[in-house]
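Per the working numbering, residue 2 is the first one in the sequence shown, and the count goes up by one each step. Every residue, glycine too, gets a C-beta built ideally from N, C-alpha and C. These numbers come from a predicted model, not from an experiment. Okay, structure first, notes after.
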Amino acid sequence: MFTAAKFIQQHDPAAPGIWEILLTYSGFHAVGFYRIAHYFWQHKHRLLAMLISHWGKKATGVEIHPAAVIGKNLFIDHGLGVVIGETAVIGNQVTILQNVTLGSRRAITGLRHPHIADNVFIGANAQILGAIKIGEYAKIGAGSVVLNNVPAHRTIVGNPGRLVD
Numbered sequence: 002m003f004t005a006a007k008f009i010q011q012h013d014p015a016a017p018g019i020w021e022i023l024l025t026y027s028g029f030h031a032v033g034f035y036r037i038a039h040y041f042w043q044h045k046h047r048l049l050a051m052l053i054s055h056w057g058k059k060a061t062g063v064e065i066h067p068a069a070v071i072g073k074n075l076f077i078d079h080g081l082g083v084v085i086g087e088t089a090v091i092g093n094q095v096t097i098l099q100n101v102t103l104g105s106r107r108a109i110t111g112l113r114h115p116h117i118a119d120n121v122f123i124g125a126n127a128q129i130l131g132a133i134k135i136g137e138y139a140k141i142g143a144g145s146v147v148l149n150n151v152p153a154h155r156t157i158v159g160n161p162g163r164l165v166d
């Protein structure tokens, strides 16, 4: 818990201190609700997991499905409106800004949500849709709609998302 708060403090110039993050950052709280819900999901207590996830959504404005897989130090900054789907996978040290969707493109079973590698930055209002992969250290610009894989160390902007570097 303190490791994640220290990561947030290092990556948010507005973060005043560890206690403010622990007590007031909705993205931090959303990940906490997710961790508890995910535990129960993995242990086949699906209804309890979904209830905890629902309470977390009501409390924070961030919706994370308890079956999603999230690595260490996810930083959801200004989290309101963030949605992370059931089969999404998020690596370590990822930053997500407000109103981001990691969603599916079709109502199918199986893998249908994005896989986000380590050290990715996702700007506000970005929509990353489908069973695609976002490579490590990639940057997704604000408002981008990403429907295809993004190579590592690249930047995507626009709708539809296009490489700019």
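Residue i versus residue j - alpha carbon distance
i: G136; j: S145; result: 16 angstroms
i: N126; j: G162; result: 13 angstroms
i: T156; j: G86; result: 23 angstroms
i: P152; j: H46; result: 37 angstroms
i: A118; j: I71; result: 10 angstroms
i: R107; j: N100; result: 20 angstroms
Check whether residue i and residue j have beta carbons under 9 angstroms apart
i: K134; j: N150; result: yes
i: V83; j: T102; result: yes
i: Y26; j: P67; result: no
i: H55; j: T88; result: no
i: L130; j: S105; result: yes
i: I65; j: K59; result: no
Cβ neighbours of residue i in the same chain (closer than 6 angstroms, five flanking residues each side left out)
i: H30; result: T61
i: L23; result: A6
i: K73; result: N93
i: H154; result: Y138
i: F122; result: T96 and K140
i: A1; result: Not covered by the structure: residue 1. The range shown for the chain is 2 to 166.
Selected residue, minimal CA-CA separation from residue i, among the options
i: I77; options: R106, G124 and V90; result: G124
i: H39; options: I129, T110 and A69; result: A69
i: I109; options: V90, A132 and N100; result: A132
i: I91; options: H79, R107, N120 and I157; result: N120
i: G28; options: H46, A16 and G80; result: G80
i: N160; options: A153, L148 and P152; result: L148
Residue environment, residue i, which counts as buried when at least 16 other CB atoms sit within 10 Å
i: G18; result: exposed
i: G111; result: exposed
i: W42; result: buried
i: V32; result: buried
i: H116; result: buried
i: Q128; result: buried
i: Q11; result: exposed
i: N48; result: Per the sequence presented here, residue 48 reads as Leu, with Asn not at that position. With fewer than 16 other Cβ atoms within 10 Å, it is exposed.
Close beta carbons around residue i, own chain, < 7 angstroms, minus the five adjacent residues each side
i: V158; result: G142, S145 and V165
i: A16; result: I9, Q10 and I22
i: L98; result: D78, H79, I123, G124 and A125
Cut-off 8 angstroms between Cβ atoms - residues of its own chain near residue i, not counting five sequence neighbours on either side
i: I53; result: F34, I37, A38, F41 and P67
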